[in-house]
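Read in order, the letters of the sequence shown correspond to residues 62 to 543 in the numbering used here. Single-structure report; data block below.
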Amino acid sequence: MIYARTSTSGHAKTAARRLPFLHKSLCISAIALCVGAGFSPAVQAESAQVERAESLIWDKTGSGDPAAGRSILEEALRAGDLDASRVLGTHLIYGWVFEKDAARGLELLEAAAEAGDALAKTKLGEVLLTGAAGVYEPAKARRYFEAAGAQDEPEALRLLGEQLIFGTHYNKDLPAGLALMERAVALRNSKAMVSLGSLYLQDDALGRDRGKALELFEAAATLGDGNGLATYGADMMWREIDAKAAETMLRRAGELGSAKAYATLAQGAMYGYLGGGAASRAKYEGYAGKALDAEADEIAIFEAERMLWGIGARASGPKALAILKQAADQGNKAAAKYLIALLRNGNNLNVRRSPSQAQAALEKYAPLLNATERAQYALTLDAAKARTPSAYADVYRAFEEQAGLHTEAFGREVYKANPNVAVYILQAKLKAQGRYGGALDGYATRKALAAIYDACSTTLNLDLCNDSVMRADVIGALLVRQ
62 MIYARTSTSG HAKTAARRLP FLHKSLCISA IALCVGAGFS PAVQAESAQV ERAESLIWDK
122 TGSGDPAAGR SILEEALRAG DLDASRVLGT HLIYGWVFEK DAARGLELLE AAAEAGDALA
182 KTKLGEVLLT GAAGVYEPAK ARRYFEAAGA QDEPEALRLL GEQLIFGTHY NKDLPAGLAL
242 MERAVALRNS KAMVSLGSLY LQDDALGRDR GKALELFEAA ATLGDGNGLA TYGADMMWRE
302 IDAKAAETML RRAGELGSAK AYATLAQGAM YGYLGGGAAS RAKYEGYAGK ALDAEADEIA
362 IFEAERMLWG IGARASGPKA LAILKQAADQ GNKAAAKYLI ALLRNGNNLN VRRSPSQAQA
422 ALEKYAPLLN ATERAQYALT LDAAKARTPS AYADVYRAFE EQAGLHTEAF GREVYKANPN
482 VAVYILQAKL KAQGRYGGAL DGYATRKALA AIYDACSTTL NLDLCNDSVM RADVIGALLV
542 RQ
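In structure tokens, the structure reads:
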């Protein structure tokens, strides 16, 4: 249900002022920073048999037959079809439709990769880099990416290029990463166009060039990919550069099939970014409806936020939680993740912080999450429960031992769960580098802040550092880049 909206409360205005941080998680940046949060269930299939199998597995008209689809894949596999080996292997690793069997899935992917299938090499690289099959082997993943890239497989070039640019799983190498991304763009890979454009739009590493970003996004749009336009339009809207132009661009993106564009429009309308005040809020239901038609799961979150902050109704934490629980019960993964984080952190208004309830929600909705996400939330819950330096140290060791979980989004969640734990982790990392000489206590002392600022100024946008280093986006990035 989409609730009618009549006014904006003070709490809603407070939430709106937080949007520069909020929208990054809800509007979904086009850059694949969240490697580790799982990949799209779309699997490229080429042979006729595999295409037929996939149509039966993913059919949404009610006439699908996953069991028959799997039988076709197994038959094609016996006939030596590499596409079948890759596709069935990926299904078994992620467990989207069939019961998960990571061991067999890895065998099938490896067989296809060793037989020369470039797509299998790329997918295997993803799996090994994220630990999706319970195995985290970044060095081996890189070898598969490089082998697939040598066959001009653009997704491999894009994924490895992003990792080298950000230095998340490998040593940072901006020139090499950029070269790989540009090769993928030259091969007309729209995801690479969107990803590289997003880097030019948002990251200081490439000097921030809005013109180049838009050029890449428009090129992706000519290939039918509106996600770049959605990113650019969202940036214009949240920065309040030009509300009308932003809305037009987001609508274009939506018409090209970008569900996140309609979700962004709905969120922007709700918080008054599409023309301001009542004129903006009046557009909410229309865009929320389009987002729902496009199967954008974020609408349940927006409805919950309306209850949290009293947008168009009296604020009610219990009602917000009920909306999220209902959506999660219906299989809405985004709502389940938001619910777990909300219970873990509270909102300092009408939902109390309760790590125990968050733990119960994680256990209940675990089937909606992949293995990496479950491990990430479990570690943030450990952080939320930690109250002493010795407990912080335990979380730090777990954090370091699970490098496959490290993404900037995960780093932000660690900070939100317990800022003291996040500071402790940075203290420990910087002390090991000889850049911090104070105590390991998790406190943001002058000495700790000075060391964090120094790390920030050499790693991130200096404007962010000068604003405040005690921000989720700053600390989240530093946790995985140091």
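By construction, the Cβ of each residue, glycine as well, lies at the ideal position given by its N, Cα and C atoms. Predicted model, so just to flag it, every value in this text is computed and none were measured.
Is it the case that the Cβ atoms of residue i and residue j are separated by a distance below 8 Å?
{"i": "residue 485", "j": "residue 450", "result": "yes"}
{"i": "residue 335", "j": "residue 308", "result": "yes"}
{"i": "residue 456", "j": "residue 470", "result": "no"}
{"i": "residue 191", "j": "residue 216", "result": "no"}
{"i": "residue 221", "j": "residue 239", "result": "no"}
{"i": "residue 364", "j": "residue 384", "result": "yes"}
{"i": "residue 146", "j": "residue 172", "result": "yes"}
{"i": "residue 287", "j": "residue 329", "result": "no"}
{"i": "residue 186", "j": "residue 164", "result": "no"}
{"i": "residue 522", "j": "residue 265", "result": "yes"}
{"i": "residue 253", "j": "residue 219", "result": "yes"}
{"i": "residue 479", "j": "residue 193", "result": "no"}
{"i": "residue 199", "j": "residue 158", "result": "no"}
{"i": "residue 341", "j": "residue 347", "result": "no"}
{"i": "residue 511", "j": "residue 501", "result": "no"}
Let's see if you can read the secondary structure: which residues bound the alpha helix (DSSP H) around residue i?
{"i": "residue 254", "result": "251-263"}
{"i": "residue 227", "result": "215-227"}
{"i": "residue 147", "result": "143-155"}
{"i": "residue 417", "result": "416-426"}
{"i": "residue 158", "result": "That residue, residue 158, is in no alpha helix (DSSP H); it is neither H nor E in DSSP."}
{"i": "residue 296", "result": "288-299"}
{"i": "residue 273", "result": "271-283"}
{"i": "residue 111", "result": "109-119"}
{"i": "residue 359", "result": "359-370"}
{"i": "residue 520", "result": "From DSSP, residue 520 is part of no alpha helix (DSSP H); its letter is neither H nor E."}
{"i": "residue 341", "result": "338-342"}
{"i": "residue 399", "result": "394-406"}
{"i": "residue 248", "result": "Where residue 248 is concerned, there is no enclosing alpha helix (DSSP H), given that its DSSP letter is neither H nor E."}
{"i": "residue 540", "result": "533-542"}
{"i": "residue 390", "result": "378-390"}
{"i": "residue 323", "result": "320-331"}
{"i": "residue 598", "result": "Within the shown structure, residues of the chain are numbered from 62 to 543, placing residue 598 beyond reach of any answer."}
Roughly how many angstroms lie between the CA atoms of residue i and residue j, to the nearest whole one?
{"i": "residue 415", "j": "residue 505", "result": "24 Å"}
{"i": "residue 464", "j": "residue 230", "result": "8 Å"}
{"i": "residue 377", "j": "residue 412", "result": "9 Å"}
{"i": "residue 301", "j": "residue 271", "result": "15 Å"}
{"i": "residue 63", "j": "residue 393", "result": "Any reading at residue 63 must be qualified, since the residue scores a pLDDT of 45, below 50, and its modelled position is unreliable; no value is offered."}
{"i": "residue 156", "j": "residue 162", "result": "7 Å"}
{"i": "residue 166", "j": "residue 237", "result": "31 Å"}
{"i": "residue 224", "j": "residue 373", "result": "43 Å"}
{"i": "residue 448", "j": "residue 404", "result": "18 Å"}
{"i": "residue 226", "j": "residue 154", "result": "28 Å"}
{"i": "residue 400", "j": "residue 442", "result": "13 Å"}
{"i": "residue 143", "j": "residue 419", "result": "42 Å"}
{"i": "residue 533", "j": "residue 472", "result": "8 Å"}
{"i": "residue 269", "j": "residue 123", "result": "46 Å"}
{"i": "residue 517", "j": "residue 116", "result": "48 Å"}
{"i": "residue 169", "j": "residue 513", "result": "45 Å"}
{"i": "residue 426", "j": "residue 526", "result": "37 Å"}
{"i": "residue 536", "j": "residue 483", "result": "7 Å"}
{"i": "residue 93", "j": "residue 243", "result": "The predicted position of residue 93 is uncertain, since its pLDDT is 31 and thus under 50; no value can be drawn from it."}
{"i": "residue 148", "j": "residue 134", "result": "8 Å"}
{"i": "residue 259", "j": "residue 283", "result": "17 Å"}
{"i": "residue 519", "j": "residue 386", "result": "42 Å"}
{"i": "residue 497", "j": "residue 232", "result": "22 Å"}
{"i": "residue 542", "j": "residue 189", "result": "20 Å"}
{"i": "residue 132", "j": "residue 175", "result": "24 Å"}
{"i": "residue 160", "j": "residue 311", "result": "38 Å"}
{"i": "residue 529", "j": "residue 152", "result": "43 Å"}
{"i": "residue 458", "j": "residue 209", "result": "34 Å"}
{"i": "residue 371", "j": "residue 322", "result": "24 Å"}
{"i": "residue 508", "j": "residue 367", "result": "41 Å"}
{"i": "residue 453", "j": "residue 494", "result": "19 Å"}
{"i": "residue 381", "j": "residue 325", "result": "20 Å"}
Below 8 Å on the Cβ atoms is my contact criterion, and I expect residue i with residue j to pass it. Report the Cβ-Cβ distance as a whole number of Å.
{"i": "residue 277", "j": "residue 257", "result": "6 Å"}
{"i": "residue 563", "j": "residue 540", "result": "The requested residue 563 does not occur in the structure, where the chain is confined to residues 62 to 543."}
{"i": "residue 111", "j": "residue 140", "result": "Actually they do not touch by this definition, with Cβ atoms about 11 Å apart."}
{"i": "residue 289", "j": "residue 281", "result": "5 Å"}
{"i": "residue 462", "j": "residue 437", "result": "Actually they do not touch by this definition, with Cβ atoms about 13 Å apart."}
{"i": "residue 297", "j": "residue 291", "result": "With a Cβ gap of about 11 Å, residue 297 and residue 291 do not count as contacting."}
{"i": "residue 351", "j": "residue 315", "result": "6 Å"}
{"i": "residue 327", "j": "residue 349", "result": "4 Å"}
{"i": "residue 402", "j": "residue 423", "result": "Not quite, the Cβ-Cβ distance comes to about 10 Å (not below 8 Å), so this is no contact."}
{"i": "residue 212", "j": "residue 179", "result": "4 Å"}
Handout entry: Those runs of the alpha helix (DSSP H) which lie wholly inside the stretch 431-500 and span at least 4 residues
Key = 432-446, 450-462, 469-478 and 480-493
Handout entry: Any alpha helix (DSSP H) of 4 or more consecutive residues that is wholly inside the stretch 166-199
Key = 179-191
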